[in-house]
């Protein structure tokens with residue numbers, strides 16, 4: 292349905308405002324996969340990868356939160372959630 296791994300869909304369910312309606316690939320990354328995700332009436336940028344890549348996501352989310360807290364004049368996306376993955380997890 293979404294083209295996303297079932298384990299990722301299960302994790303996302305806890306963070307999204309409704310069921311996933313659509314996922315479109317977004318290019319530009321080199322070590323992780325990315326997509327534009329529509330859930331409920333909201334649109335999100337989703338980034339995911341194997342556990343070795345996903346281990347970096349919590350640090351990336353912390354960096355984005357720090358930039359937002361510092362009042363950066365740049366548009367800084369809000370990190371909704373970041374999970375490091377693991378055995379059987381995205």
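In our numbering, the protein residues as written are 292 to 381.
Glycine is no exception: its CB is placed at the ideal position from the N, C-alpha and C atoms.
Less than 8 Å between the C-beta atoms of residue 314 and residue 295, yes or no?
yes
Once you ignore the five residues that flank residue 323 on each side, which residues in its own chain have a CB closer than 6 Å to its CB?
Answer for residue 323: 338, 340 and 344, listed in chain order.
Compare the beta carbon distance of residue 355 and residue 368 with 8 Å and say whether it is the shorter of the two.
yes
How should residue 326 be labelled, buried or exposed, when 16 other C-beta atoms within 10 angstroms of its C-beta is the threshold for buried?
buried
Straight-line Cα distance separating residue 328 from residue 360:
25 Å
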